[in-house]
Ligand code: FES
Ligand code: MG
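In UniProt numbering, the protein residues as written are 1 to 585.
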């Protein structure tokens with residue numbers, strides 16, 4: 001990046017409407033800020049850069065963000081801006097119950113109103129743990145200010161008994177091994193400290209890494225943002241450079257809507273397939289697109305994503321972890337591979353550094369062809385997210401083929417139904433459960449309204465009696481999500497969800513279900529008349545249910561959209577801009 005060259009702002013800075021007047025209002029805005037020891041010259045027309053921080057000790061993945069913010073701050077100063085750091089709601093995936101997804105929209109509201117109501121000209125979004133990335137991008141997109149994201153970076157590889165272990169993925173693997181009687185509980189517990197041994201986000205290609213890649217693919221970060229480990233000094237150089245760059249973006253008025261175009265989302269969809277990214281991306285990209293005013297539908301994932309090989313051999317789909325991904329060349333290496341194969345739909349899409357996505361990636365070195373595979377030797381030949389529809393999911397559902405068993409992608413079996421997650425937990429280990437390896441496990445009432453929050457329980461563990469027989473995968477269907485670190489032939493995000501009266505609500509034990517990922521279909525094999533009749537009975541029974549509480553939970557249940565619509569609140573969709581509100585006094 002070239003040294004900073006000061007230039008006049010392309011349009012008057014927002015912050016001038018707070019600090020730029022020699023009157024009563026200007027006095028008040030400046031005077032109180034000066035209690036922090038800020039000299040007067042900082043208020044004389046410098047771009048004011050907000051550093052939007054999701055630091056929290058309860059979000060362990062973002063717990064190093066004070067240091068990250070400090071390096072952003074240095075860059076902002078160096079480029080002639082003035083940094084102001086502010087906290088926003090921090091959604092930590094590992095601790096927050098019932099699920100961090102429940103508060104993604106709440107965090108986005110915090111971000112949006114914090115930006116619009118404050119004297120900031122542009123923002124640096126410090127993002128890391130899964131939901132913090134979409135929440136901050138959603139909030140900033142609704143304001144459409146110049147913004148750059150800086151991710152916290154992944155943890156170092158986990159280590160256990162001399163082997164690398166991956167965040168999340170190893171938990172699923174080892175807990176199944178305990179249930180199958182292959183390892184002891186003590187061996188299982190001893191992996192805890194080794195899995196998470198440095199600052200940073202999950203080191204698998206889970207949702208945090210996926211969303212960091214999506215942010216880079218969308219062009220709202222500097223190149224290499226996604227993969228540099230959290231504790232690598234180069235992560236802090238990237239934070240510094242992002243701090244420098246955002247000052248120029250403020251002066252250039254390079255707002256998010258110039259980056260977050262339909263073309264950028266199509267690039268992101270293609271890149272998600274190439275990295276074997278999380279299914280959660282389908283929900284979050286839709287929500288971000290909705291905020292900036294880009295029409296993005298589930299069918300875009302089929303149209304743009306299908307046919308794209310998965311090149312990145314990372315867990316949970318493959319073998320390696322984010323450390324290897326960075327050392328192998330990171331996301332620019334993947335983009336280069338796609339571009340050279342003619343698989344990058346929009347090479348000219350603009351990115352935060354002012355260059356196109358292709359310009360940033362065309363010469364990117366690739367150092368390890370096991371980790372970033374050649375186009376002719378993919379991990380999965382077609383890794384694009386599979387969208388399926390049918391009478392069981394009229395508005396769609398998704399399957400991640402790179403994490404599934406190929407032979408189960410077309411499957412017909414009899415339903416074993418769990419009415420909700422408690423029902424599943426109560427009965428899954430029952431030796432009398434009428435289930436075999438060909439059964440289709442169906443889990444209801446875990447969608448956005450049903451849980452509420454749409455928990456990551458879709459990859460429900462297999463019945464222990466089948467695990468003991470050596471069964472490793474079965475078709476599972478639900479209105480839930482699954483962790484980006486999880487795997488299996490799992491049909492997720494069924495829309496409409498059971499709680500909203502989707503046909504999933506009326507599936508019964510023993511019904512035949514046909515899944516065909518190649519044809520994009522998911523059918524409950526009963527007649528239309530019977531399905532309609534079952535739904536009438538279901539709706540009649542709902543009137544007896546109590547209303548859904550009070551507080552934020554009520555707001556959530558009343559306003560959350562279905563998975564195919566990104567699970568945003570209906571009243572939050574759209575870009576409301578960053579016009580300066582009227583004075584507070
Ligand atoms: Fe925070 Fe995985 S739990 S990134
Ligand atoms: Mg996760």
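Ideal Cβ placement from N, Cα and C applies to all residues, glycine included. Note that the structure is predicted; figures quoted are calculated from it, not measured.
The beta strand (DSSP E) enclosing residue i, as first and last residue numbers
{"i": "residue 410", "result": "410 to 418"}
{"i": "residue 394", "result": "393 to 399"}
{"i": "residue 151", "result": "147 to 151"}
{"i": "residue 512", "result": "512 to 516"}
{"i": "residue 464", "result": "Taken as a continuous stretch (DSSP letters only), residue 464 belongs to no beta strand (DSSP E), being part of the alpha helix (DSSP H) at 464 to 468."}
{"i": "residue 428", "result": "That residue, residue 428, is in no beta strand (DSSP E); it is neither H nor E in DSSP."}
{"i": "residue 370", "result": "Run containing residue 370: none; DSSP gives neither H nor E here."}
{"i": "residue 446", "result": "That residue, residue 446, is in no beta strand (DSSP E); it is neither H nor E in DSSP."}
C-beta atoms of residue i and residue j nearer than 8 Å
{"i": "residue 111", "j": "residue 49", "result": "no"}
{"i": "residue 496", "j": "residue 531", "result": "no"}
{"i": "residue 398", "j": "residue 312", "result": "no"}
{"i": "residue 301", "j": "residue 269", "result": "yes"}
{"i": "residue 168", "j": "residue 483", "result": "yes"}
{"i": "residue 494", "j": "residue 413", "result": "no"}
{"i": "residue 341", "j": "residue 366", "result": "no"}
{"i": "residue 135", "j": "residue 220", "result": "no"}
{"i": "residue 415", "j": "residue 528", "result": "no"}
{"i": "residue 435", "j": "residue 446", "result": "no"}
{"i": "residue 120", "j": "residue 245", "result": "no"}
{"i": "residue 86", "j": "residue 129", "result": "no"}
{"i": "residue 174", "j": "residue 191", "result": "yes"}
{"i": "residue 505", "j": "residue 444", "result": "yes"}
{"i": "residue 195", "j": "residue 165", "result": "yes"}
Residue i versus residue j - alpha carbon distance
{"i": "residue 520", "j": "residue 491", "result": "11 Å"}
{"i": "residue 539", "j": "residue 424", "result": "23 Å"}
{"i": "residue 295", "j": "residue 75", "result": "35 Å"}
{"i": "residue 582", "j": "residue 403", "result": "51 Å"}
{"i": "residue 573", "j": "residue 137", "result": "13 Å"}
{"i": "residue 242", "j": "residue 150", "result": "7 Å"}
{"i": "residue 543", "j": "residue 536", "result": "12 Å"}
{"i": "residue 171", "j": "residue 285", "result": "27 Å"}
{"i": "residue 346", "j": "residue 331", "result": "16 Å"}
{"i": "residue 144", "j": "residue 368", "result": "38 Å"}
{"i": "residue 217", "j": "residue 182", "result": "41 Å"}
{"i": "residue 299", "j": "residue 289", "result": "14 Å"}
{"i": "residue 377", "j": "residue 541", "result": "53 Å"}
{"i": "residue 351", "j": "residue 357", "result": "6 Å"}
{"i": "residue 23", "j": "residue 7", "result": "27 Å"}
{"i": "residue 16", "j": "residue 71", "result": "25 Å"}
{"i": "residue 567", "j": "residue 500", "result": "13 Å"}
Classification of residue i by the beta-carbon crowding that lies within 10 angstroms, buried from 16 upward
{"i": "residue 64", "result": "buried"}
{"i": "residue 469", "result": "exposed"}
{"i": "residue 317", "result": "buried"}
{"i": "residue 27", "result": "exposed"}
{"i": "residue 401", "result": "buried"}
{"i": "residue 12", "result": "exposed"}
{"i": "residue 280", "result": "buried"}
{"i": "residue 459", "result": "buried"}
{"i": "residue 578", "result": "buried"}
{"i": "residue 292", "result": "buried"}
{"i": "residue 2", "result": "Note that residue 2 scores 45 on pLDDT, short of 50, meaning its location in the model is unreliable; the coordinates nonetheless yield the value given after this. Its Cβ having fewer than 16 others within 10 Å, residue 2 is exposed."}
{"i": "residue 348", "result": "exposed"}
Residue i, enclosing alpha helix (DSSP H) - first and last residue
{"i": "residue 248", "result": "233 to 252"}
{"i": "residue 536", "result": "528 to 542"}
{"i": "residue 389", "result": "Taken as a continuous stretch (DSSP letters only), residue 389 belongs to no alpha helix (DSSP H), being part of the beta strand (DSSP E) at 386 to 390."}
{"i": "residue 272", "result": "262 to 275"}
{"i": "residue 562", "result": "No alpha helix (DSSP H) contains residue 562, which DSSP labels as neither H nor E."}
{"i": "residue 486", "result": "That residue, residue 486, is in no alpha helix (DSSP H); it is neither H nor E in DSSP."}
Residue i beta carbon near the ligand FES (any heavy atom closer than 7 Å)
{"i": "residue 166", "result": "no"}
{"i": "residue 143", "result": "no"}
{"i": "residue 99", "result": "no"}
{"i": "residue 191", "result": "no"}
{"i": "residue 456", "result": "no"}
{"i": "residue 497", "result": "no"}
{"i": "residue 478", "result": "no"}
{"i": "residue 133", "result": "no"}
{"i": "residue 206", "result": "yes"}
{"i": "residue 386", "result": "no"}
{"i": "residue 93", "result": "yes"}
{"i": "residue 202", "result": "yes"}
{"i": "residue 213", "result": "no"}
{"i": "residue 422", "result": "no"}
{"i": "residue 130", "result": "yes"}
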